[in-house]
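Take a look at the structure set out below.
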Amino acid sequence: MSDQNYYAREEISNSDLGELKVSPRRFVMRKQREMQTKSAAMELGTLIHTFALEPDRFIMADIEPVCV
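The sequence shown begins at 17 in my numbering and counts up by one.
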């Protein structure tokens, strides 16, 4: 599933709930795509997903170190 299709889904994610915990305004901004946050853990998860399940999209030169 492409990132565009994944983020277009209506379900509430764990990251959405984290934003709601901070403030309802941040939650709404995230759902309306006014604010997109990606933690280091999310970046690493995306990297591992791409490497394992979409190796044709995985390009070593595009990877930046992730500090966890």
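Glycine is no exception: its CB is placed at the ideal position from the N, C-alpha and C atoms.
No residue range can be given for S55, since it is assigned to no alpha helix (DSSP H) and is classified by DSSP as neither H nor E.
With 16 or more other Cβ atoms from the protein chains shown falling within 10 Å of its own Cβ, R46 counts as buried. Around the beta-carbon of E35, 16 or more other beta-carbon atoms lie within 10 Å, marking it buried. R46 carries a helical assignment under DSSP once its states are collapsed to helix, strand and coil.
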